[in-house]
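Have a look at the structure below, then the notes.
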Amino acid sequence: MNSGHRFSAPTLHAFVEAVFRQMGSHEQEARLVADHLIAANLAGHDSHGVGMIPSYIRSFSQGHLQINRHASVIKDAGAILTLDGNRAFGQVAAHEAMAQGIARAREHGIAAVALHNSHHIGRIGYWAEQCAAAGFVSIHFVNVVGTRMVAPFPGRDGRFGTNPFCAVFPRKNDFPLLLDYATSAIAFGKTRVAWHKGVPVPPGCLIDASGEPTTDPAAMQEPPLGALLTFAAHKGYALAAMCEILGGALSGGETTHQETLQESADAIINGMTTVILNPELFGAPECDRQTAAFAEWVKASPHAEEAPILLPGEWEVNTRRERQQQGIPLDAGSWQAICDAARQIGMPEAELQSFCHRLAG
Ligand SMILES: NC(=O)c1ccc[n+]([C@@H]2O[C@H](COP(=O)([O-])OP(=O)(O)OC[C@H]3O[C@@H](n4cnc5c(N)ncnc54)[C@H](O)[C@@H]3O)[C@@H](O)[C@H]2O)c1
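So that you can map any letter, position 351 of the sequence shown is 340 in this note's numbering, and since no number is skipped, the others follow by simple counting.
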């Protein structure tokens, strides 16, 4: 398989389902995981797409990721619901958490759903899109328990995870406005993608093991490990800290400190506190017009033709449109790692080769 090849989304989806069924997932679980990973690739976030497969398989083999499990309710306070993710696939646990949170927001107009102890919940924008598709605004604070990947400003070693923050605003006749990013200068997965491609990461994102700035993604992939920096210096750090507390402590889960450090980089345990709001209940008859006027106003700022002004979420919409037509690009190193992982869980060589053949076609 050549580097730079593009894979058709439906065939890649069928492959991902087959891999997780091979690992032992029931059909619905394999489908939910494939839906999520393919959607992340289609949205342009390859750091949270099919490239996660080898890590999930390692986490399962090490006994961290638990297959065929579900989220369970720990406390039901009406508009506030707390769930234990039971180390289930985050693609299952977060799906269930959002469905229950949306049902509560329908009932009460506002709801908070706290999910802790879930395995990796992937691209947070996906969960916000689930809320937006139901007509709701949502705000998500997420932590990554026990990973020391990101340095607190102005510290020189990793003390917490890439703690994403996300918010969505649905619009009646247009795509939802979506803010969705790691509070680190770049997502950890982007160092994996750069490392596989053999390219540097942008300056200002990484420090090496001695705390010195570097652009070499190996600093996050090979020991001795360095750390990611937060985005926007102290501002990113402060937001990351709030994600840690709201996503980790308030959700009934854990924050990152000496006692909770994970023994494996593949044990990705997320906590997420989500606030879901019904925009219809705000008494804001001008809301749509005001939103549209702002969008038009900012887009009218002078800019070069080749660098258009985008609204939050627009980059993903454009990338999705392009990849649905052209396919999902995957570098040779990532594809090799995925195939090796599929072999490791016993996917028959003939089945793997048949997928390779279909994907190459
Ligand atoms: N589950 C986890 O533990 C975890 C941890 C970290 C990150 N993540 C996920 O990783 C993904 C990637 O994160 P990232 O930090 O690399 O994201 P990023 O730096 O690519 O930023 C994405 C955000 O910026 C917006 N955007 C992009 N270009 C824009 C432009 N020109 N104008 C206006 N807005 C623009 C996008 O619409 C989106 O909201 C996210 O989906 C995040 O949820 C998950």
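The C-beta atom is built at its ideal place from N, Cα and C for all residues, glycine as well. These figures come from a predicted structure and were not determined experimentally.
Helix, strand or coil at residue i according to DSSP, with G and I counted as helix
{"i": "His15", "result": "coil"}
{"i": "Leu217", "result": "strand"}
{"i": "Phe149", "result": "strand"}
{"i": "Asn162", "result": "coil"}
{"i": "Ser343", "result": "helix"}
{"i": "Thr203", "result": "strand"}
{"i": "Phe49", "result": "helix"}
{"i": "Ala254", "result": "coil"}
{"i": "Val8", "result": "helix"}
{"i": "Ile196", "result": "strand"}
{"i": "Ser(-3)", "result": "coil"}
{"i": "Ile55", "result": "Looking at the sequence provided, one finds Gln at residue 55 rather than Ile. Three-state result, Gln55: strand."}
{"i": "Ala330", "result": "helix"}
{"i": "Pro291", "result": "coil"}
{"i": "Ser107", "result": "strand"}
{"i": "Val188", "result": "coil"}
{"i": "Ile175", "result": "coil"}
{"i": "Gly335", "result": "coil"}
{"i": "Ala28", "result": "helix"}
{"i": "Gly350", "result": "coil"}
{"i": "Ala94", "result": "helix"}
{"i": "Pro43", "result": "helix"}
{"i": "Ile298", "result": "coil"}
{"i": "Arg112", "result": "coil"}
{"i": "His37", "result": "helix"}
Whole-angstrom C-beta distance between residue j and residue i, which should lie under 8 Å
{"i": "Pro301", "j": "Leu168", "result": "5 Å"}
{"i": "Glu18", "j": "Asn57", "result": "6 Å"}
{"i": "Ala229", "j": "Thr172", "result": "4 Å"}
{"i": "Thr245", "j": "Glu233", "result": "7 Å"}
{"i": "Leu104", "j": "Leu72", "result": "5 Å"}
{"i": "Phe125", "j": "Leu266", "result": "6 Å"}
{"i": "Ser14", "j": "Gly316", "result": "Not confirmed; about 25 Å, so no contact."}
{"i": "Tyr170", "j": "Ala28", "result": "No, Tyr170 and Ala28 are not in contact; Cβ-Cβ is about 17 Å, not under 8 Å."}
{"i": "Ile257", "j": "Ile42", "result": "The Cβ separation is near 13 Å, so there is no contact."}
{"i": "Ala174", "j": "Thr204", "result": "Rounded, the Cβ-Cβ distance is 11 Å, inconsistent with contact."}
In DSSP terms, what residue i is bridged to
{"i": "Ala100", "result": "Ile265"}
{"i": "Lys64", "result": "Thr71"}
{"i": "Tyr170", "result": "Phe154"}
{"i": "Gly260", "result": "Asn132"}
{"i": "His246", "result": "Note: His246 sits in no beta bridge, so no partner."}
{"i": "Leu228", "result": "None, per the DSSP bridge assignment."}
{"i": "Val126", "result": "Leu266"}
{"i": "Leu319", "result": "His(-6)"}
{"i": "Ala77", "result": "Gln55"}
{"i": "Val22", "result": "DSSP output for Val22 lists no bridge partner at all."}
{"i": "Val139", "result": "Phe149, Leu217"}
Any non-hydrogen atom of ligand 1 within 6 Å of residue i CB
{"i": "Trp286", "result": "no"}
{"i": "Ala289", "result": "no"}
{"i": "Asn259", "result": "yes"}
{"i": "Leu168", "result": "yes"}
{"i": "His37", "result": "yes"}
{"i": "Thr204", "result": "no"}
{"i": "His34", "result": "yes"}
{"i": "Ala60", "result": "no"}
{"i": "Gly74", "result": "no"}
{"i": "Ala176", "result": "yes"}
{"i": "Ile27", "result": "no"}
{"i": "Gly200", "result": "no"}
{"i": "Gly302", "result": "yes"}
{"i": "Ile113", "result": "yes"}
{"i": "Ile42", "result": "no"}
{"i": "Thr180", "result": "no"}
{"i": "Leu299", "result": "yes"}
{"i": "Pro153", "result": "yes"}
{"i": "Ile110", "result": "yes"}
{"i": "Ala254", "result": "no"}
{"i": "Val133", "result": "yes"}
Beta carbon proximity, residue i to chain C, threshold 7 Å
{"i": "Phe158", "result": "Any reference to chain C falls outside this structure, which holds one protein chain only."}
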